[in-house]
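Enquirer: Quick one: this structure, given as structure tokens, is what I'll be asking you about.
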Amino acid sequence: MTTHEFPSDAARQASGSPVEPSPRSSPGAPPAPGAPAPPAASPSPHTTRVDLTGRTALVTGAASGIGRACALRLAAAGASVRLVDVDGAALAELSALGAGQVVELDLTDLDAAEEAARGADIVVNNAGVQTVAAVQDFPPERFSLILRLMVESPFRVVRGALPHMYESGWGRIVNISSVHGLRASAFKSAYVAAKHGLEGFSKVVALEGAPHGVTSNCVNPGYVRTPLVERQIAEQARAHGLPEEQVLSDVLLARTPLKRLIEPTEVAEMVAYLCSDDASFVNGASLPIDGAWSSS
């Protein structure tokens, strides 16, 4: 079940979001005479309330960034989450927060990746890496690794999960793509190729899975506040001799009308919605969260 709700002031403060006074009165003032009482504060900081009790979710790249946010969000919705990443220490810290079960795994081990997904009701393919280089300078072995991790591994994960999903008549596959799955950028040949490949794969799974109650969708963020993006900002600043703030505004966000990084929790909220029963007719879609970058 999915409902829409607004976070309480306390919840917004906890998340770092600004809290604005009600337009009905000044801060701290009592309600005006005859004014209706304010609604009770919502107990949840989430826009979308999703009940995934009894579902098993697998999240790859769960140790940080988008994956971590997705794992926490799905766990909060009641799912039993398998936390998949190569960083065992970070997974242990996440598991200690109650986010799920640690599965320390190198996803380029494709047989192991497929096995880890067996019995999952929900798959979030998120793991990825980035290398920035001109095509003629791009290391061939790095190109192969990126496609193995970001195209072949999602295929094997989904391949492992589908038999259980088909048997139960329900499944959700969410592939964390990118605006680079819809648009290209120079010097990112492997990443752009991988994300375009993931997009095509996701659509095929949507067609095959539809008769079995399984949906497959892509979420397409722009630049998200993750360790990967923060490393890119630092590297670009060194390469161009610019302050990091200028790299962010003039390089990374040059084509983005909304001039800020996306927060991982914003992506996770979209993922949670796609895993809900209310999203059963959202299938084969690519959903940008890019501040209108792909519209420019």
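If you count by the working numbering, then the sequence shown holds residues 16 to 311, one letter each, in order. In this text, a Cβ means the ideal position worked out from N, Cα and C, and glycines have one as well. This structure is a prediction, so every number in the text was calculated from the model and none was measured.
Taking only runs that begin and end inside the region 109-140, name each unbroken beta strand (DSSP E) of 3 or more residues, in chain order.
Expert: Entirely contained in the region 109-140, the beta strand (DSSP E) runs reaching 3 residues are, in chain order, 116-119, 137-140.
Enquirer: Give me whichever residues DSSP pairs with Ser-301 in a beta bridge.
Expert: For Ser-301, which the question treats as bridged, DSSP gives the partners Cys-233.
Enquirer: On the three-state DSSP scale, how would you describe Ala-148?
Expert: Reduced to three states, the DSSP call for Ala-148 is strand.
Enquirer: Spatial neighbours of Tyr-336 within its chain, please: CB distance less than 7 Å, with the 5 preceding and 5 following residues excluded, ordered by chain position.
Expert: Coverage of the chain is limited to positions 16 through 311, which leaves residue 336 absent and any answer about it impossible.
Enquirer: What residues in its chain sit with their C-beta under 6 Å from that of Ala-307, if we drop five residues either side in the sequence?
Expert: Hits under 6 Å: Pro-272.
Enquirer: Hey, how far is the Cα of Arg-97 from the Cα of Ala-72?
Expert: The straight-line gap from Cα to Cα measures roughly 6 Å.
Enquirer: To which residues of the same chain is Lys-210 closer than 6 Å at the C-beta, ignoring the five residues directly before and after it?
Expert: If we look at Lys-210 and ignore the five residues flanking it on each side, its Cβ neighbours are Ser-192, Ser-193, His-195, Gly-196.
Enquirer: Gly-93: buried (16+ other C-beta within 10 angstroms of its C-beta) or exposed?
Expert: So Gly-93 counts as exposed.
Enquirer: Roughly how many whole angstroms lie between the Cα atoms of Pro-242 and Asp-126?
Expert: Pro-242 and Asp-126: Cα-Cα distance of roughly 28 Å.
Enquirer: Going by beta carbon distance, what residues of the same chain come within less than 8 Å of Ser-110, once the five residues before and after it are set aside?
Expert: Excluding residues within five positions, the ones whose Cβ falls inside 8 Å are Leu-98, Gln-116, Val-117.
Enquirer: Under the three-state reduction of DSSP, which class applies to Ser-168: helix, strand or coil?
Expert: In this structure, Ser-168 counts as helix in the three-state DSSP scheme.
Enquirer: Considering only residues of the same chain and omitting the five flanking positions on each side of Arg-198, which have a CB-CB separation below 7 Å?
Expert: Hits under 7 Å: Ser-309.
Enquirer: Given that a residue counts as buried once 16 or more other Cβ atoms are within 10 Å of its Cβ, and exposed if not, what is Pro-58?
Expert: A caution first: Pro-58 carries a pLDDT of 38, below 50, which makes its placement in the model too unreliable to give a value.
Enquirer: Identify every residue that forms a DSSP beta bridge with Thr-71.
Expert: Bridge partners of Thr-71: Ser-95.
Enquirer: Pop quiz: Leu-268 and Tyr-238 are said to be a contact at Cβ under 8 Å. What is the actual Cβ separation, rounded to whole angstroms?
Expert: Yes, Leu-268 and Tyr-238 are in contact; Cβ-Cβ is about 7 Å, under 8 Å.
Enquirer: How about Asn-6 and Pro-169: are their beta carbons less than 7 Å apart?
Expert: Nothing about residue 6 can be reported from this structure: the residues present for the chain run from 16 to 311 only.
Enquirer: Is it buried or exposed, Thr-68, if we count other Cβ atoms within 10 angstroms and call 16 or more buried?
Expert: Label assigned to Thr-68: exposed.
Enquirer: Could you check whether the region 169-180 touches the region 119-137, counting it as contact only if at least three pairs of C-beta atoms, one from each stretch, sit closer than 8 Å?
Expert: Flag = yes, the region 169-180 and the region 119-137 touch.
Enquirer: What did DSSP end up calling Gly-196 once you bin it into helix, strand or coil?
Expert: Correct three-state label for Gly-196: helix.
Enquirer: Any Cβ of chain D within less than 7 Å of the Cβ of His-255?
Expert: Reference to chain D is not applicable here, since this structure consists of a single protein chain.
Enquirer: By a C-beta neighbour count over all protein chains shown, 10 Å radius and 16 as the cutoff for buried, is Phe-21 buried or exposed?
Expert: Residue confidence is low: Phe-21 scores 28 on pLDDT, short of 50, so the model does not pin down where it sits. Its coordinate-derived value is still stated next. That one is exposed.
Enquirer: For Gly-256, which of helix, strand or coil comes out of DSSP?
Expert: Note: Gly-256 maps to coil in three-state DSSP.
Enquirer: Among the residues of its own chain, which have a CB less than 7 Å from the CB of Val-219, if the five just before and after it don't count?
Expert: Counting only Cβ-Cβ distances below 7 Å, and skipping sequence neighbours, we find nothing.
Enquirer: Since Ile-277 sits in a beta bridge, which residues does DSSP pair it with?
Expert: Its beta-bridge partners are Val-239.
Enquirer: Given this structure, state the Cα-to-Cα distance separating Ala-84 from Leu-257, to the nearest angstrom.
Expert: Roughly 30 Å between the two C-alpha positions.
Enquirer: Which value, in whole angstroms, describes the spacing of the CA atoms of Pro-53 and Ser-291?
Expert: Here the model assigns Pro-53 a pLDDT of 33, short of 50, so the residue's position is not dependable, and the following value carries that caveat. Between Pro-53 and Ser-291, the C-alpha separation is close to 30 Å.
Enquirer: Roughly how many angstroms separate the alpha carbons of Val-262 and His-255, rounded to a whole number?
Expert: Taking the straight line joining both Cα atoms gives about 9 Å.
Enquirer: Please identify the residue among Arg-133, Cys-233, Ala-135 whose C-alpha is closest to the C-alpha of Gly-299.
Expert: The shortest C-alpha separation from Gly-299 is found at Cys-233.
Enquirer: Nearest to Phe-296 by CA position, among Glu-260, Gly-143, Arg-187, is which residue?
Expert: For Phe-296, the nearest C-alpha among the options comes from Arg-187.
Enquirer: Out of curiosity, what's the CA-to-CA distance linking Pro-279 and Gly-80?
Expert: Computed Cα separation, rounded: 6 Å.
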